[in-house]
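Peer 1:
In the working numbering, the protein residues as written are 64 to 421.
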């Protein structure tokens with residue numbers, strides 16, 4: 064059975080760290096904690112779980128810090144988690160079974176990363192990340208921020224999920240500041256980081272610059288197709304906020320020049336027409352979203368609700384506004400089958416019940 068080193072970089076995580084380590088400590092064979100300058104009880108808490116706690120001078124470079132943590136690992140595989148991540152009880156048996164059955168030639172294990180949740184606690188936004196990485200010099204992190212291990216070798220996918228559940232918020236400007244410093248030093252951002260830089264600009268409401276960066280990224284010959292498609296969505300949101308509605312629609316439609324339509328983008332296009340009263344066109348796009356297959360292993364950002372619940376609920380709205388309340392009710396019931404606890408579904412149900420629609 065392979066051995067695993069849990070390698071973490073932390074700073075001022077006294078709120079999260081014990082919860083994370085409690086969820087994973089019994090599953091791994093070694094815990095490495097690299098502290099990047101905590102001024103709270105983080106180091107004290109880490110020391111309760113492992114003697115392998117190290118200090119690292121922060122250099123505005125997440126890859127360098129993660130590589131430092133990996134360099135101290137002595138087991139067969141390195142596993143990374145952030146302090147505000149947890150392994151739920153439902154995942155632990157799967158984790159141990161994978162450990163017991165992992166083929167010896169596997170280099171990287173990809174696992175789901177659930178980063179947001181609905182009112183019932185079900186994942187509403189997720190994607191795959193490299194989670195177990197063979198402990199050798201071939202696999203090292205790259206990128207000062209939004210760091211990644213370039214994929215190579217024998218890669219397998221697991222349905223084991225790590226959940227990102229932040230209790231307190233960190234520095235919202237950190238990532239943008241790192242990108243600004245890189246650019247100030249004259250460094251050129253590779254396509255992947257152009258995309259992430261554009262996203263950071265969007266989050267900071269710097270829409271004009273975000274559009275410029277993302278449009279440049281979309282025009283480049285390089286860049287991962289999933290990032291291209293997601294960049295169309297982010298860029299459209301910028302255009303909407305700039306009052307350029309036609310440009311927003313154009314770039315949403317442009318996403319389909321990179322690959323077959325994603326349900327997430329179909330829902331955004333449907334929303335464009337729904338909000339402008341073009342219900343027949345909105346229906347087309349929401350029905351298209353319903354018929355799109357969900358690619359669990361694309362490594363792109365997946366919003367599972369866009370493949371059933373969201374288009375069903377919005378089709379209910381469209382048909383209600385077109386006067387076909389019987390069909391609207393049918394779609395609401397289908398949405399309720401997906402999420403019987405949904406406040407929107409329950410509100411609509413009460414509305415249709417009041418109309419006594421059979």
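Idealized CB from N, CA, C, for every residue including glycine.
Since the structure is predicted, the reported quantities are computational estimates derived from the model, not experimental observations.
Here's the rule I'm using: 16 or more other beta-carbon atoms within 10 Å means buried, otherwise exposed. How should residue 153 be labelled?
Peer 2: So residue 153 ends up on the exposed side.
Peer 1: Can you tell me the Cα-Cα spacing of residue 269 and residue 156, whole angstroms?
Peer 2: Near 45 Å, if we compare the C-alpha coordinates of residue 156 and residue 269.
Peer 1: How would you write the range of the beta strand (DSSP E) that residue 191 sits in, first residue to last?
Peer 2: First-last of the beta strand (DSSP E) with residue 191: 186 to 197.
Peer 1: Is the stretch 278 to 296 touching the stretch 318 to 328 in the sense that three or more CB pairs, one from each, lie closer than 8 Å?
Peer 2: The stretch 318 to 328 is in contact with the stretch 278 to 296.
Peer 1: Identify every residue that forms a DSSP beta bridge with residue 179.
Peer 2: Paired residues: 188.
Peer 1: Which of the three DSSP states is assigned to residue 97 in this structure?
Peer 2: Three-state DSSP puts residue 97 in a strand.
Peer 1: By Cβ distance below 6 Å, which residues in the same chain neighbour residue 109 in space, the five residues on each side in sequence not counted?
Peer 2: Within the same chain, residue 109 has close Cβ partners 96, 116.
Peer 1: Check whether the stretch 230 to 248 and the stretch 159 to 175 touch, using three or more Cβ-Cβ pairs below 8 Å as the test.
Peer 2: Taking 8 Å as the limit for Cβ pairs, the verdict is that the stretch 159 to 175 does not touch the stretch 230 to 248.
Peer 1: Considering only DSSP beta bridges, list what residue 226 is partnered with.
Peer 2: Residue 226 is bridged to 149, 177.
Peer 1: Any contact of the stretch 372 to 387 with the stretch 206 to 223, i.e. 3+ C-beta pairs under 8 Å?
Peer 2: In short, these stretches do not touch, since the Cβ pair count stays below three.
Peer 1: Looking at residue 144: is its Cβ nearer than 8 Å to the Cβ of residue 225?
Peer 2: Yes.
Peer 1: Using a Cβ-Cβ cutoff of less than 6 Å, which residues in the same chain neighbour residue 342 once the five nearest sequence positions on both sides are dropped?
Peer 2: Correct list, in chain order: 381, 384, 385.
Peer 1: Comparing alpha-carbon positions, which option in 158, 334, 360, 232 lies nearest residue 86?
Peer 2: With distances taken between Cα atoms, residue 86 lies closest to 158.
Peer 1: With distances taken from CA atoms, which of 271, 248, 277 is nearest residue 260?
Peer 2: For the residues 271, 248, 277, the minimum Cα distance to residue 260 belongs to 277.
Peer 1: Looking at the strands, I want to know which residues DSSP matches up with residue 71.
Peer 2: 96.
Peer 1: So, residue 399 versus residue 410, is the Cβ gap smaller than 8 Å?
Peer 2: Cβ distance not < 8 Å, so residue 399 and residue 410 don't count as in contact.
Peer 1: Looking only at its chain, what residues have a beta carbon closer than 6 Å to the beta carbon of residue 247, apart from the 5 residues adjacent to it on each side?
Peer 2: Here the set comprises nothing.
Peer 1: Suppose you measure from the CA of residue 113 to the CA of residue 257; what does that come to, to the nearest Å?
Peer 2: Distance between the alpha carbons of residue 113 and residue 257: 38 Å.
Peer 1: Mapping DSSP to helix, strand and coil, what is residue 138?
Peer 2: It is coil, neither helix nor strand.
Peer 1: Report yes or no: do three or more beta-carbon pairs, one from the stretch 356 to 363 and one from the stretch 331 to 340, lie closer than 8 Å?
Peer 2: No contact exists between the stretch 356 to 363 and the stretch 331 to 340.
Peer 1: Would you list the residues sitting across from residue 428 in a DSSP beta bridge?
Peer 2: There is simply no residue 428 to check, as the chain begins at 64 and stops at 421 in what is shown.
Peer 1: Going by CA-CA distance only, name the one from 84, 402, 217, 250 that's closest to residue 185.
Peer 2: Closest by alpha carbon: 402.
Peer 1: Might you give, ordered along the chain, the residues of its own chain that have their beta carbon closer than 7 Å to the beta carbon of residue 279, omitting 5 neighbours on each side?
Peer 2: Contacts found: 257.
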